[in-house]
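Numbering-wise (the working numbering), the sequence shown opens with residue 759 and increments by one.
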Amino acid sequence: MSNRRPRIAGERRRPATPGDEHDEPVEGPEPSVEEGGSDAVEAAPEARPRAPRTPWAPLSRRARIVLATLAVLAVAAVAFAVVATLAVRQTEGDAEARVDAAEKATSAASSALESTLSYRHATVTEDLEAATERMTSDFAKEYEQLAPQVASAAKQRKIDVTATVRAIAPLECGQECSDSRVRVLAFVDQSRTLDGKPGSPAALSVVVRMQKVDGDWLVAEMTTT
């Protein structure tokens, strides 16, 4: 029995191998160049290499927007930091100015109270006039309206009054804090003599509004309780 495989039309002839002596050679037409033989197969064109991206390659529109936004945010952050620093320094400066104003106003109020609430019957008119020098012009006018009554009683009864500030401190100002207006609370003791004889002492609590005028702290209002 023959082991030969039927030949397929157009199949190329195989080279003989051992054991195939009895096989019939496969016949078929040799491929020509025109028919697309192996000699006619052209090499595939090589792929063009990609140009490497360089750091200086133009950025995309989205990347430019992102970078621009980051730059704006960075500038805004720096500006905010500068403004915040200046604001803190300004606030600290204002606070120091208010503390300094309160101290000076309190000291001026203490001296003004002792001068305003003290007088001697022999010099009462001059004493009351001198007291107005420590007051604002508006408050001095109010004080002068009461001065004649005080002077008259002091002369008739020979009253001498000495005022001593026992305690004094600035009041909380809240939203009305200012380096030119300060309110203080004072506790004042008054000792009296009537025709040379000791009289009953008096204890007053006084709220004084001090106002800075041309660099001087003056009494702008006085309320006793």
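Where is the CB? At the ideal position from N, CA and C, for every residue including glycine.
- [ ] Just the C-alpha distance for Thr-812 and Ala-835, rounded to the nearest angstrom, thanks.
- [x] Residue confidence is low: Thr-812 scores 49 on pLDDT, short of 50, so the model does not pin down where it sits. Its coordinate-derived value is still stated next. C-alpha separation (whole angstroms): 32 Å.
- [ ] Return the first residue and the last residue of the alpha helix (DSSP H) that Glu-883 is part of.
- [x] The sequence shown places Thr at residue 883, rather than the Glu named in the question. First-last of the alpha helix (DSSP H) with Thr-883: 882–889.
TODO: Return the residue from the list Lys-916, Val-908, Glu-902 and Ala-921 that minimises the CA-CA distance to Phe-945.
DONE: Ala-921
Open item on the list: Closest to Lys-916 by C-alpha separation, out of Ala-832, Thr-982, Ser-963 and Val-882, would be which residue?
Closed with: Val-882
Open item on the list: Just to confirm my understanding: we take Leu-929, look at its own chain, exclude 5 residues before and 5 after, and list those with CB closer than 6 Å. What are they?
Closed with: Arg-941 and Leu-943
Open item on the list: Using only the alpha-carbon positions, how far apart do Met-893 and Val-830 sit?
Closed with: 56 Å
Open item on the list: Within 8 Å, do at least three Cβ pairs link the stretch 861–870 to the stretch 972–981?
Closed with: The stretch 972–981 vs the stretch 861–870: in contact.
Open item on the list: Going by C-alpha to C-alpha distance, which of Arg-856, Ala-821, Ser-818 and Leu-828 sits closest to Gly-932?
Closed with: Closest option to Gly-932, Cα to Cα, is Arg-856.
Open item on the list: Output needed for Thr-890: all residues of its chain with C-beta closer than 7 Å, excluding positions within five of it in sequence on either side, in chain order.
Closed with: Ala-898, Tyr-901 and Glu-902
Task: Uninterrupted beta strand (DSSP E) stretches inside the stretch 909–967 (no shorter than 3 residues) - done: 917–928 and 939–952
TODO: Pull up the CB-CB distance for Leu-875 and Val-908, whole angstroms please, since I reckon it's below 8 Å.
DONE: With 8 Å as the limit, Leu-875 and Val-908 do not qualify as a contact, their Cβ atoms being about 10 Å apart.
Task: Thr-864 - DSSP class collapsed to helix/strand/coil - done: helix
Open item on the list: Judging by CA-CA distance, which residue of Pro-959, Ala-960, Lys-862 and Asp-885 is the nearest neighbour of Ser-873?
Closed with: Asp-885
Open item on the list: Taking a contact to mean a Cβ-Cβ separation below 8 Å, would you say Thr-981 touches Val-971 in this structure?
Closed with: no
Open item on the list: If you measure between the beta carbons of Tyr-877 and Ala-911, is that distance less than 8 Å?
Closed with: no
Task: Ser-741 versus Leu-825 - alpha carbon distance - done: Since the first and last residues shown for the chain are 759 and 983, residue 741 lies out of range.
Task: Pairwise C-alpha distance: Leu-904 and Glu-887 - done: 12 Å
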